[in-house]
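**Student:**
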Amino acid sequence: DEVLVVNHDGEFEGMEIEKVTYQELLTKQLPNGEKIPTLKEYLLEGMKQQKTKMILEFKPSGISVARSEKIGELVVKMVHELHAEDWVEYITFSYEGGLKAISTDPEAKVSYLTGDKSPSQLKGAGFYGFDYNFRILKMKPEWIQEARELGLITNSWTVNDPETMNWLLDQGIDQITTDEPELLLEILKSRN
31 DEVLVVNHDG EFEGMEIEKV TYQELLTKQL PNGEKIPTLK EYLLEGMKQQ
81 KTKMILEFKP SGISVARSEK IGELVVKMVH ELHAEDWVEY ITFSYEGGLK
131 AISTDPEAKV SYLTGDKSPS QLKGAGFYGF DYNFRILKMK PEWIQEAREL
181 GLITNSWTVN DPETMNWLLD QGIDQITTDE PELLLEILKS RN
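Written out as structure tokens, the structure reads:
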């Protein structure tokens, strides 16, 4: 039914999100008793503050590439409808969905997650950057410098150990996604 919702996984309380309607999703609750939030609700809440950038990951469709493209388009249109562009950057594992988001708004800051495209391929397609698993970057460390030379933003996920954090910082990574922000802050302070 094209109602965009916010959930980390493709399933919610035993329902495959892309195969049910929003009304069906409303029959279940989050553990805290709330309903699953819509993207619109999430964005409106995030826009009430000025400190935190919202990184909006839109998931690839398990149904079809065309549906992944539609999701990329709908997400960008929702952000525009709410005038939320200044708050939002996008990430996606769907290359085709990312391309559609970029064609919908060439100024959209879309980073690719899968790790199967080189920085030059991403730059040529209009991506803002990459957000690759650190294991990929350890196999292709030259991609960080290549991306930076092309003006792309570089990020790596999910890095929770100090050795990998330091290695990525040594390579010149722009951003690190971590479950251990205090550890990363300590490392950054010790390096300055």
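Each residue of the sequence shown is one higher than the one before, counting from 31 in the working numbering. Just so you know, even glycine gets a beta-carbon here, dropped at the ideal spot from N, CA and C.
1. Mapping the DSSP letters down to three states, classify G44 as helix, strand or coil.
2. Is it the case that the Cβ atoms of T188 and A177 are separated by a distance below 8 angstroms?
3. Does DSSP put T134 in a helix, a strand or coil?
4. What is the DSSP secondary structure of S186, reduced to helix, strand or coil?
5. Sort R221, L198, S133 and K100 by Cα distance to L34 and report the nearest one.
6. What did DSSP end up calling F164 once you bin it into helix, strand or coil?
7. If we call anything under 8 angstroms between Cβ atoms a contact, is P90 one with T122?
8. Using the C-alpha atoms, what's the distance from F164 back to T194?
9. Using only the alpha-carbon positions, how far apart do S220 and Q175 sit?
10. Just how far apart, CA to CA, sit E41 and E137?
11. Just mark E119 as buried or exposed, buried being the case when its beta carbon has 16 or more other beta carbons within 10 Å.
12. Kindly indicate which residue of L74, L143 and G128 has the alpha-carbon position closest to the one of V95.
13. Return the chain-ordered list of same chain residues with a C-beta closer than 8 angstroms to the C-beta of N190, the five sequence neighbours on each side being excluded.
14. Per DSSP, V106 is paired with what?
15. For a test of the three-state rule: what should DSSP assign to Y125, helix, strand or coil?
**Tutor:** Let's see:
1. On the sequence shown, residue 44 is found 14 positions in, with the first residue counted as 1. Residue state, collapsed to three classes: coil.
2. In the sequence shown, residue 188 corresponds to position 158, counting from 1. In the sequence shown, residue 177 corresponds to position 147, counting from 1. For the 8 angstroms CB-CB criterion, T188 and A177 do not form a contact.
3. In the sequence shown, the residue the question calls residue 134 occupies position 104. T134 falls in the helix class under three-state DSSP.
4. As a first step, residue 186 is located in the sequence shown; it is residue number 156 there, counting from the start. Taken through DSSP and simplified to helix, strand or coil, S186 comes out as strand.
5. As a working note, residue 34 is residue 4 in the sequence shown. Looking at the Cα atoms, K100 is the closest of the given residues.
6. Looking up residue 164 in the sequence shown gives position 134. Of the three classes helix, strand and coil, the one that applies to F164 here is helix, per DSSP.
7. Locating residue 90 in the sequence shown gives position 60, counting from the first residue. Locating residue 122 in the sequence shown gives position 92, counting from the first residue. Going by C-beta atoms, P90 is nearer than 8 angstroms to T122.
8. Position 164 of the sequence shown holds residue 194. Position 134 of the sequence shown holds residue 164. Approximately 8 angstroms, taken between the alpha carbons.
9. Working through the sequence shown from its first residue, we reach residue 220 at position 190. Working through the sequence shown from its first residue, we reach residue 175 at position 145. So the alpha carbons of these two residues sit roughly 23 angstroms apart.
10. Taking the sequence shown and counting its residues from 1, the one referred to as residue 41 is at position 11. Taking the sequence shown and counting its residues from 1, the one referred to as residue 137 is at position 107. Answer to the nearest angstrom: the Cα atoms are 31 angstroms apart.
11. The residue given as residue 119 occupies position 89 in the sequence shown. Per the 10 Å Cβ criterion, buried.
12. Looking up residue 95 in the sequence shown gives position 65. For the residues L74, L143 and G128, the minimum Cα distance to V95 belongs to G128.
13. To locate residue 190, count along the sequence shown from 1; it is residue 160. T208, D209, E210 and L213.
14. As a first step, residue 106 is located in the sequence shown; it is residue number 76 there, counting from the start. DSSP lists no partner for V106.
15. Start at 1 with the first residue of the sequence shown, and residue 125 comes out as number 95. Of the three classes helix, strand and coil, the one that applies to Y125 here is helix, per DSSP.
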